[in-house]
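Below: one structure, written as structure tokens.
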Amino acid sequence: MTKGTNIRKSLTGFIFTRFILWVVGYTLLLLGGYLFARAFVGSFIWYSENPLYQLLSMINRNIKLFISGVWGIGVAIIFFYYWFKTLGYLDQVVKAAEEIYKPGEELINLPAELKEVENQMNQTKLHVRRGEMVAREAEQRKNDLVVYLAHDLKTPLTSVIGYLSLLEDEKEISKELQEKYLSIALSKSERLEELINEFFDITRFNLTNLTLELSRINITRMLEQIIFEAGPSLKEKELSCELKADGDIYMRCDTGKMQRVFDNLLRNAINYSFEEDTIVVALKKEGNNIHFIFINHGNTIPEEKLNRIFEQFYRLDSARQTRTGGAGLGLAIAKEIVELHKGKITAASKDELITFEIMIPADL
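Below, the structure written as structure tokens:
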């Protein structure tokens, strides 16, 4: 149910309740007045030639019609009173609704009778303000990262050009030095490719709605392949990766997208793991779900950063280190893919232990 529907129901309910109470109160007052007048008139001795007696006699003979007419007139007056009052309320609510999307933190004020409506409109306004703030922060982070990435593109490109120029200019350079320069140029070129891919990630993440192409796969074998392909990165930090699985486990998923989720989580574990340590990847079947766990030892992530770790363009290393730097999209995309599979991903960090867990249905 939308906020607008809630406000409309609250306002309608308030006015209708007041109208009914007034009608009931007026009916009781009219009935009480009739009984009182009847008793009061009966306490006198009347003569037939008395004009007032003749008038009262006529009223008494048509008492049902008379009371119905008086009651109808009274109800009509109450109805029109609340009709115009409703128009006044609506005018105030419409003006207040215009304030919801105006900038500023000033709260909406309505008459005491519309206190519930006022509270709901202020909640809506605060929700809109928070949404705008989150959107502005995300846009600012994206803009900053585009500037950072554009700047970072220049660094490896300059290195590549520099070392290739040395190879071209220095004709008598030793083979050992040639290999060294080529190795550095290759490393910088790979970094350049990563940065360019991150630009594409930013574009895809903002302009494309992800859809699933489902197939049944051996998820244990997929993780084995991902860990194998991460061998060079693991070796660079003298890390090992242990896969714990209860045999072959199958699931129905989008192969390419789930591969990206696991690749992002493993790469994240490598980047933020202490050197000469072991990363643990575990999976097991729990009822109709599959439980994935990625564990590595690293610096404890503060609670405030942990709460934002799945936000778009959010990065733990604000210093933009080359080794761990990225566009801040990996975990945000992983979360979206997992949720598209009707699953849930969580992160925890305590006592230099970082844990990511995924619970996802085996069959969609």
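Residue 26 in the UniProt record's numbering sits at position 26 of the sequence shown, with consecutive numbering throughout. Heads up, the beta-carbon is just placed ideally off N, CA and C, and yes, glycines get one too.
Could you give the DSSP three-state label for residue i: helix, strand or coil?
i, result
"residue 346", "strand"
"residue 215", "strand"
"residue 277", "coil"
"residue 240", "strand"
"residue 320", "Residue placement at residue 320 is poorly supported in this model, since its pLDDT is 46, which falls under 50; the coordinates are not used for a value here."
"residue 265", "helix"
"residue 257", "helix"
"residue 119", "helix"
"residue 289", "strand"
"residue 108", "coil"
"residue 371", "Since the displayed the chain opens at 1 and closes at 364, residue 371 lies outside it and no answer follows."
"residue 230", "coil"
"residue 30", "helix"
"residue 49", "coil"
Tell me, please, which residues DSSP counts as bridged to residue i.
i, result
"residue 355", "295 and 348"
"residue 156", "None; residue 156 has no bridge partner."
"residue 282", "244 and 293"
"residue 361", "289"
Any beta-carbon of chain B closer than 8 angstroms to the one on residue i?
i, result
"residue 10", "No chain B appears in the structure shown, which is made up of a single protein chain."
Does the beta-carbon of residue i have 16 or more other beta-carbons within 10 angstroms, so that it is buried, or is it exposed?
i, result
"residue 165", "exposed"
"residue 352", "exposed"
"residue 257", "buried"
"residue 147", "exposed"
"residue 254", "buried"
"residue 118", "buried"
"residue 84", "exposed"
"residue 268", "buried"
"residue 323", "Note that residue 323 scores a pLDDT of 49, beneath 50, so its modelled location is shaky; the value from the coordinates is reported in the next line. The residue in question, residue 323, is exposed, as its Cβ has fewer than 16 Cβ neighbours within 10 Å."
"residue 343", "buried"
"residue 363", "exposed"
"residue 101", "exposed"
"residue 200", "exposed"
Are residue i and residue j close, meaning C-beta to C-beta below 8 angstroms?
i, j, result
"residue 86", "residue 15", "yes"
"residue 107", "residue 96", "no"
"residue 331", "residue 264", "yes"
"residue 306", "residue 292", "no"
"residue 227", "residue 281", "yes"
"residue 192", "residue 230", "no"
"residue 120", "residue 10", "yes"
"residue 290", "residue 345", "no"
"residue 333", "residue 252", "no"
"residue 196", "residue 163", "no"
Item to check | Segment contact, 8 angstroms Cβ cut-off, at least three pairs: the region 176-192 with the region 154-162 | outcome: yes
Checklist entry - Touch check for the region 17-26 and the region 62-69: three-plus C-beta pairs under 8 angstroms? => result no
Next on the checklist: Between the region 327-341 and the region 354-363, can you find at least three pairs of beta-carbon atoms closer than 8 angstroms?
Outcome noted: yes
Checklist entry - With a cut-off of 8 angstroms, do at least 3 Cβ pairs link the region 124-143 to the region 170-181? => result These segments do not touch.
Checklist entry - If you pair each beta-carbon of the region 219-228 with each one of the region 294-301, do three or more pairs fall below 8 angstroms? => result no
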